[in-house]
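For what it's worth, the working numbering labels the leading residue of the sequence shown as 94, then goes sequentially.
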Amino acid sequence: MKRITLVLIILTAISLTLQAAETYNKFPDRVAGLENDKDPDAQAYKKAYGFVLDEKWDEAVKALDSFLEKFPKSSWQDDARFWQCYSREKQGVDAEEVFKCYQDFVDENGSSKWADDARSSMILLGQKLVKQGKVEYQPVIETIQKEDKEEISITALYALQNIGDEKALDAIFKLYDNSASENIKGKIIYVIGNFDSPKVLTKLVDIATKDPDVSLQKKAAYAIGSVDDSKSVTALKTILKESKEPEVQKAALYSLGNCDFAEIIPVLKETALSNTNPSLVKAAIYALGNYDDESAAIDAIKVILKTATTTEARKSALYSLGNTDDPSVIPVMMQIALSDEDISLSKAAVYAIGNFEDENAFDALKDIFNKSENRDVRKASMYAIGNNENKAALFFLKDVALEDKDISLSKAAVYAVANFESKEAEQALKEILQKSKETEIKKAALHSIANIAEDDSSIDILDEIYRNEKDQDLRKTIVYALGNTESQKAVAVLVRIIKEEKSMSVRKAAVSALGNIDMPEAQEALMNLIQN
Numbered sequence: 094m095k096r097i098t099l100v101l102i103i104l105t106a107i108s109l110t111l112q113a114a115e116t117y118n119k120f121p122d123r124v125a126g127l128e129n130d131k132d133p134d135a136q137a138y139k140k141a142y143g144f145v146l147d148e149k150w151d152e153a154v155k156a157l158d159s160f161l162e163k164f165p166k167s168s169w170q171d172d173a174r175f176w177q178c179y180s181r182e183k184q185g186v187d188a189e190e191v192f193k194c195y196q197d198f199v200d201e202n203g204s205s206k207w208a209d210d211a212r213s214s215m216i217l218l219g220q221k222l223v224k225q226g227k228v229e230y231q232p233v234i235e236t237i238q239k240e241d242k243e244e245i246s247i248t249a250l251y252a253l254q255n256i257g258d259e260k261a262l263d264a265i266f267k268l269y270d271n272s273a274s275e276n277i278k279g280k281i282i283y284v285i286g287n288f289d290s291p292k293v294l295t296k297l298v299d300i301a302t303k304d305p306d307v308s309l310q311k312k313a314a315y316a317i318g319s320v321d322d323s324k325s326v327t328a329l330k331t332i333l334k335e336s337k338e339p340e341v342q343k344a345a346l347y348s349l350g351n352c353d354f355a356e357i358i359p360v361l362k363e364t365a366l367s368n369t370n371p372s373l374v375k376a377a378i379y380a381l382g383n384y385d386d387e388s389a390a391i392d393a394i395k396v397i398l399k400t401a402t403t404t405e406a407r408k409s410a411l412y413s414l415g416n417t418d419d420p421s422v423i424p425v426m427m428q429i430a431l432s433d434e435d436i437s438l439s440k441a442a443v444y445a446i447g448n449f450e451d452e453n454a455f456d457a458l459k460d461i462f463n464k465s466e467n468r469d470v471r472k473a474s475m476y477a478i479g480n481n482e483n484k485a486a487l488f489f490l491k492d493v494a495l496e497d498k499d500i501s502l503s504k505a506a507v508y509a510v511a512n513f514e515s516k517e518a519e520q521a522l523k524e525i526l527q528k529s530k531e532t533e534i535k536k537a538a539l540h541s542i543a544n545i546a547e548d549d550s551s552i553d554i555l556d557e558i559y560r561n562e563k564d565q566d567l568r569k570t571i572v573y574a575l576g577n578t579e580s581q582k583a584v585a586v587l588v589r590i591i592k593e594e595k596s597m598s599v600r601k602a603a604v605s606a607l608g609n610i611d612m613p614e615a616q617e618a619l620m621n622l623i624q625n
């Protein structure tokens, strides 16, 4: 009798082991990765997953619930979420509740390796609920099944692409014409563009000019730009001419910019000069700026800059020139900055020159500052110089900050110095603080130091200036600058100022500055002030 009992026990153990193995094989996990992972979350997940393998559903649910509460950001989170739903299903929890669990999982973890299994479980549960008379689940099931079918279709589509012959291409065309799915059609357009066949351009032009869906029209226009054939230029010109949709025409212009054929230059130039739609004009100029032969594109953009009738077109031309690597365009832009009647265009020319980080650009901007009679243009030159990583530029800005009689220009120079974000810039700002006689300039320098100094070095600089500064207004400015540093060291300095400062208004400013520092030390200091 004992022998029979022992045999039954062994058979039962083998049965349970096989069931656990079946569960493991049905849903292969990353258990191998757990063996060497000693992090607390990995070990907690390993323990919870062990209950799943042993089909101890009550223990599994408790352990997985605890894991998700304790380690919400763990890399094992999506695994645990899936097994949480699965274990509840096996536990016999209400089908609607389990369905919702899987649904939430898919919504939040759509790219998880468990998402397909969760959708399959939703279909089975949904069918069971429909049979119980809960017909509201039928549309949900159909949606999931439709998505699954689309995934299969897309996989088949890429497989056809790998075959790459005319029969495969004809099959793809037929699939496009018969499909009602925008998702599938979008993927087809991408695949079509990778086929080497004269039929491709014809089909893509047909889609770009006749498909009722504008988003698909745009995708077709972009796809033509990836076809390495001079006939693609003709195809894109056809779209520009025949399409009634500006967004599709814009896509055609951008695609032209990606074509490495000289005949695109006159097309883009003509569009920029004659089209009445500002967005298409800008797109044409942008496309010219993308053309591989920079010298040919620059010549066309210069013509646009000279002859275009709208400010927006000329601005776009300036920005395109500013994005080139050819310093020969700087004199052209400098002339506009100094002589154009449209100040907004002059400023655009200044900023375009600022995109060049070399001595030619710095010399041009310096000349603009010295020669221009317009304050806004001169100010723009300051900010543009601030983008030039050149020590001579830094020294020039420091001199302007200290010597120019126009306070607004001096402040612009200070803020431009701060753009350098370097130790040299810190030193220049300290020198401006020490030498300037204008309070507004000193304030600008103080705020700039607080913004650019690395680590806690700004605290030491501000504290040093505070100790030597007699002007009460400037001392308050220093205090507020300390409050903007979000530094533990600043808290200590502000507490000291509150204790030692004789001026009540400065002390009150220091208290307010503490309130701007979102740190426990600042809160503790404020509480001590209240209690003491």
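Here a beta-carbon is modelled for each residue, glycine too, at the ideal position from N, C-alpha and C.
| task | Tell me whether Gln225 sits in a helix, a strand or coil according to DSSP, three-state version. | result | Secondary structure of Gln225 (DSSP, three-state): coil.
* To do: Leaving out five residues on either side along the sequence, give the residues of the same chain with a beta carbon under 8 Å from the beta carbon of Asp419.
  => Non-local beta-carbon contacts of Asp419 in its own chain, meaning distances under 8 Å to residues more than five positions away in sequence, involve Glu387, Ser388, Ile391 in chain order.
* To do: Give, in chain order, every unbroken run of the beta strand (DSSP E) that is at least 3 residues long and sits entirely within the region 521-601.
  => The qualifying runs do not exist here; there are none.
When you compare only the Cα positions, how much space is there between Glu190 and Ser274?
CA-CA distance, Glu190 to Ser274, rounds to 31 Å.
- Message: For Phe513 and Lys464, what's the separation of their Cα atoms in angstroms?
- Response: Cα-Cα distance, rounded: 25 Å.
Review point. Distance, Cα to Cα, Gly608 vs Ile552?
Key: Taking the straight line joining both Cα atoms gives about 17 Å.
Going along the chain, which residues of its own chain have a beta-carbon closer than 6 Å to the beta-carbon of Lys183, five neighbours each way excluded? So the qualifying residues of the chain are Trp150.
- Query: Is Lys303 near Leu262, with beta carbons less than 8 Å apart?
  - Reply: If you check the CB distance, Lys303 and Leu262 do not come in under 8 Å.
| query | Ser372: which of Ala457, Glu340, Leu222 sits nearest, CA to CA? | reply | Each of Ala457, Glu340, Leu222 was checked against the Cα of Ser372, and the nearest Cα belongs to Glu340.
Alpha helix (DSSP H) containing Val510: first to last residue? That run of the alpha helix (DSSP H) goes 500-511.
* Tyr384 - DSSP class collapsed to helix/strand/coil -> Looking at Tyr384 - three-state DSSP - the assignment turns out to be coil, as it is neither helix nor strand.
**Message:** Just to confirm, is the Cβ distance from Ala380 to Tyr347 under 8 Å?
**Reply:** Taking 8 Å as the Cβ cut-off, Ala380 and Tyr347 qualify as a contacting pair.
* Just the Cα atoms here: how many angstroms apart are Leu490 and Val507? -> About 7 Å.
(message) With a threshold of 7 Å on Cβ separation, who are the neighbours of Asp134 within its own chain once the five nearest residues in sequence on each side are excluded?
(response) Within the same chain, and ignoring the five residues on either side of Asp134 in sequence, the residues whose Cβ sits closer than 7 Å to its Cβ are Phe164, Ser167, Trp169.
Expressed to the nearest angstrom, what Euclidean distance is found between the alpha-carbon atoms of Ala477 and Met426? Distance from the CA of Ala477 to the CA of Met426, rounded to the nearest whole angstrom, comes to 13 Å.
_Spatially closest choice to Glu450 from Gly415, Arg468, Leu217, by CA coordinates_ = That would be Gly415, whose Cα lies nearest to the Cα of Glu450.
Give me the Cα-Cα distance between Pro232 and Lys395, rounded to the nearest whole angstrom.
Distance between the alpha carbons of Pro232 and Lys395 is about 59 Å.
**Q.** Alpha-carbon spacing of Glu496 relative to Val572, whole angstroms
**A.** Counting only the Cα atoms, Val572 lies some 27 Å from Glu496.
| Considering only residues of the same chain and omitting the five flanking positions on each side of Trp207, which have a CB-CB separation below 6 Å? | Correct list, in chain order: Phe175.
Worksheet item: Between Glu617 and Met597, what straight-line distance do the alpha-carbon atoms span, to the nearest angstrom?
Response: Cα to Cα, the separation comes out at about 21 Å.
inquiry  = Can you list, in chain order, the residues of its chain with a C-beta nearer than 6 Å to that of Leu297? Leave out the 5 residues immediately preceding and following it.
reply    = Excluding sequence neighbours, Leu297 sits near Ala313, Ala316, Ile317.
Hey, Arg212 and Val199: beta-carbon distance below 8 Å or not?
Between Arg212 and Val199, the gap from beta carbon to beta carbon is short of 8 Å.
Is it buried or exposed, Pro121, if we count other Cβ atoms within 10 angstroms and call 16 or more buried? Here Pro121 scores only 45 on pLDDT, less than 50, and its place in the model is too uncertain to base an answer on.
| In whole angstroms, what is the alpha-carbon distance linking Leu366 and Asp258? | Roughly 43 Å separates the two Cα atoms.
Q) Phe192 and Leu222: beta carbons closer than 8 Å? A) In contact: Phe192 and Leu222 (Cβ atoms closer than 8 Å).
Quick check on Phe120: does DSSP put it in helix, strand or coil? Unreliable positioning characterises Phe120 in this predicted model, as indicated by a pLDDT of 45, which lies under 50. The coordinate reading is nonetheless provided below. Phe120: coil per DSSP, three-state reduction.
Cβ neighbours of Ser550 in the same chain (closer than 8 Å, five flanking residues each side left out)
Taken in chain order, the residues that qualify are Glu519.
Discussion item. Here's the rule: buried if 16 or more other CB atoms are within 10 angstroms of the residue's CB, otherwise exposed. What is Gln220?
Written reply: With fewer than 16 Cβ atoms within 10 Å of its Cβ, Gln220 is classed as exposed.
* Excluding the five sequence neighbours on either side, which residues of its own chain have a C-beta within less than 7 Å of the C-beta of Asn202, listed in chain order? -> Only Asp171, Arg174, Ala208 meet the Cβ criterion.
**Asked** If we call anything under 8 Å between Cβ atoms a contact, is Ile534 one with Ala494?
**Response** Contact: yes.
- Item | Beta-carbon contacts of Val154 that lie in its chain and below 8 Å, excluding the five residues immediately before and after | Closer than 8 Å at the Cβ level, and outside the excluded window around Val154, lie Gln177, Ser180, Arg181, Gln184.
- [ ] Kindly give me the distance between the Cβ atoms of Ala406 and Ile378, rounded to whole angstroms, as I take these residues to be in contact under 8 Å.
- [x] Ile378 and Ala406 do touch by the CB rule: their CB atoms are close to 7 Å apart, below 8 Å.
**Prompt:** Where Ile545 and Asn453 are concerned, what is the direct C-alpha to C-alpha distance, given to the nearest angstrom?
**Reply:** Looking at the two C-alpha atoms, the distance is approximately 27 Å.
Alpha carbon to alpha carbon, how far is Ile446 from Arg468? Give it in angstroms, no decimals.
Approximately 18 Å between the Cα atoms of the pair.
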